[in-house]
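Structure first, commentary second.
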Amino acid sequence: MQKKFVANLALLLLLNFLIKPFWIFGIDRTVQNMLPLDYGMYFALFNFSLLFNIVLDLGITNFNNRNIAQNNHLLSEYFSGITIFKGLLFIVYLIITLVVGFVLGYDSERFYVLLFLSFNQFLISFVQYLRSNITALQLFRLDSLLSVLDKSLMILFCSLLLWGNFFSFSFTILHFIYAQTLAYLITALIVFAIVWAKSAHFTLKIDIPFLKKIIRQTFPYALLILTMVFYYRIDAVMLDFMLDDGEKEVSIYAQAYRLMDAFNQIGVLFAGLLLPMFAYLIKEKQDLAPLVKLSFSLIFLMAITIAAITFNFSEKIMNLLYHFDTDSSS
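Structure (structure tokens):
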């Protein structure tokens, strides 16, 4: 299992290190430098859309991944019910997000942006659920390819908009958001088709007892994630809400936070690979210790290395990446 983990981790990291840095340092950074104030608004609303993100999942993805990894035949039983449930959760999430946005006094422009960002959050959550089925079936190489599909499409769309000279209009933050929405939507359709092919059937039927069972089992996890998301994401929302020049201050804050957020994704990649492996080992009653030790050693070494480099070269990194207020963000 350790050899399997290392081989699949190497492929996963290779693909993500090839694709995602170009998105972060090429596309996203370009938009930040081109539209600093608009990006500040976008970043604040993006973080706001994440505050109630757990409503879209309620721990379903991990529940699904763990159970199907131990019993592959459950895919056919779970797929229809959870897919419909995710759609219902999106309606609840959207109502909560828009109501809270109204209470905070967001204007029509921000509501329009928030609507698309909320839809993006649903698509991201849905793709994560769909991919949990693929990793549960131990199809790690396929999942590695799918993990960079959305960002690859975003790079393509945004590159055409930024540098393609195909369009007469000026690039705005809305074009940046539209490109993300289209990329997420295409990715969701492709991954849905793959999982549908792996499942025996799909029917539009709501199984109330099944949904109650999921909610009972995942509620404690959902509550934990909700508090963690507020802890990590509410700061940008508060800066935007409390300060007169909130968009500018959030833009400065986003410069440094964007890097930390990007590096945190390494841990997410590890978790997505390890959870189905742990579930499989537990089912087979095999020892988890070697895999735990190996994965901890790898991620701890990466974390220490990244922290040391960013701490010692913070000013140089910010000056290299951004054009405005780098002294504050470093």
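Residue numbers for the sequence shown, in my numbering: 8 to 337.
Glycine residues also receive a C-beta, built at the ideal position from the N, C-alpha and C atoms.
Under 8 Å between the Cβ atoms of L121 and G112? Along the sequence shown, read from residue 1 onward, the residue named residue 121 stands at position 114. Along the sequence shown, read from residue 1 onward, the residue named residue 112 stands at position 105. Contact: no.
Alpha carbon to alpha carbon, how far is K323 from F32? Position 316 of the sequence shown, counted from the first residue, corresponds to residue 323. Position 25 of the sequence shown, counted from the first residue, corresponds to residue 32. Between the alpha carbons of K323 and F32 lies a gap of roughly 15 Å.
Restricting to runs no shorter than 4 residues, where is the alpha helix (DSSP H) found entirely within the stretch 209 to 277? Runs found: 215 to 249.
Work out the CA separation of F320 and I67 for me, nearest whole Å. Locating residue 67 in the sequence shown gives position 60, where the first residue counts as 1. Locating residue 320 in the sequence shown gives position 313, where the first residue counts as 1. Roughly 40 Å between the two C-alpha positions.
Using a threshold of 8 Å, state whether the C-beta atoms of L96 and L63 are closer than that. One-based indexing of the sequence shown puts residue 96 at position 89. One-based indexing of the sequence shown puts residue 63 at position 56. Yes; because the gap between Cβ atoms is below 8 Å, this pair is in contact.
Is the stretch 293 to 305 touching the stretch 253 to 267, taking contact as three or more C-beta pairs under 8 Å? No, the stretch 293 to 305 does not touch the stretch 253 to 267.
Just to check my reading of the structure: F70 and L280 have Cβ atoms closer than 8 Å, yes? What is that Cβ distance to the nearest angstrom? Locating residue 70 in the sequence shown gives position 63, counting from the first residue. Locating residue 280 in the sequence shown gives position 273, counting from the first residue. Actually they are not in contact, since the Cβ atoms of F70 and L280 sit about 18 Å apart, beyond 8 Å.
Segments of 4+ residues assigned as alpha helix (DSSP H) that fall wholly inside the stretch 30 to 81: Unbroken alpha helix (DSSP H) runs of no fewer than 4 residues, entirely contained in the stretch 30 to 81, are found at 36 to 41, 43 to 58, 67 to 77, following chain order.
Just to confirm the assignment, what range does the alpha helix (DSSP H) spanning D157 have? Looking up residue 157 in the sequence shown gives position 150. That run of the alpha helix (DSSP H) goes 156 to 170.
Expressed to the nearest angstrom, what Euclidean distance is found between the alpha-carbon atoms of L44 and E254? If you number the sequence shown from 1, residue 44 lands on position 37. If you number the sequence shown from 1, residue 254 lands on position 247. Pairing L44 with E254, the inter-Cα distance amounts to about 6 Å.
Counting only the same chain and skipping the five closest in sequence on each side, list residues whose C-beta sits under 6 Å from that of Q77. As a first step, residue 77 is located in the sequence shown; it is residue number 70 there, counting from the start. Only residues of its own chain outside the window of five on either side were considered, and among them A286, K290 have a CB closer than 6 Å to the CB of Q77, listed in chain order.
Y100 beta carbon less than 8 Å from that of F59: Within the sequence shown, the letter at position 52 stands for residue 59. Within the sequence shown, the letter at position 93 stands for residue 100. Their beta carbons are under 8 Å apart, which means F59 touches Y100 by this criterion.
Around the Cβ of T225, are there at least 16 other Cβ atoms within 10 angstroms (buried) or fewer (exposed)? Against the sequence shown, residue 225 aligns to sequence position 218. Buried.
Contact check, L163 vs F178, beta carbons under 8 Å: As a working mapping, residue 163 is identified with position 156 in the sequence shown. As a working mapping, residue 178 is identified with position 171 in the sequence shown. Their beta carbons are not under 8 Å apart, which means L163 does not touch F178 by this criterion.
Go to E402, then tell me how far its alpha helix (DSSP H) extends in each direction, as first and last residue. Because residue 402 is not part of the residues shown, which for the chain are 8 to 337, the question remains open.
When you compare the CB positions of L266 and A195, do they come within less than 8 Å of one another, or not? Numbered from 1 along the sequence shown, position 259 holds the residue referred to as residue 266. Numbered from 1 along the sequence shown, position 188 holds the residue referred to as residue 195. No, the Cβ-Cβ distance between L266 and A195 is not below 8 Å.
Using DSSP with H/G/I as helix, E/B as strand and the rest coil, what is E116? Locating residue 116 in the sequence shown gives position 109, where the first residue counts as 1. When secondary structure is reduced to three states using DSSP, E116 falls in the helix class.
Where does the unbroken alpha helix (DSSP H) through S177 begin, and where does it stop? The residue given as residue 177 occupies position 170 in the sequence shown. Careful: S177 lies outside any alpha helix (DSSP H) and carries neither H nor E.
Chain D contact for N74 (CB, 8 Å cutoff): No chain D appears in the structure shown, which is made up of a single protein chain.
Apply the 10 Å Cβ neighbour rule to Q272 and answer buried if 16 or more other Cβ atoms are within range, or exposed otherwise. For the purposes of this step, residue 272 is taken as the residue at position 265 of the sequence shown. Flag for Q272 reads exposed.
K93 burial status per 10 Å Cβ neighbour count (16 or more: buried): Residue numbering aside, residue 93 sits at position 86 when the sequence shown is read from its first letter. Buried: at least 16 other Cβ atoms inside 10 Å.
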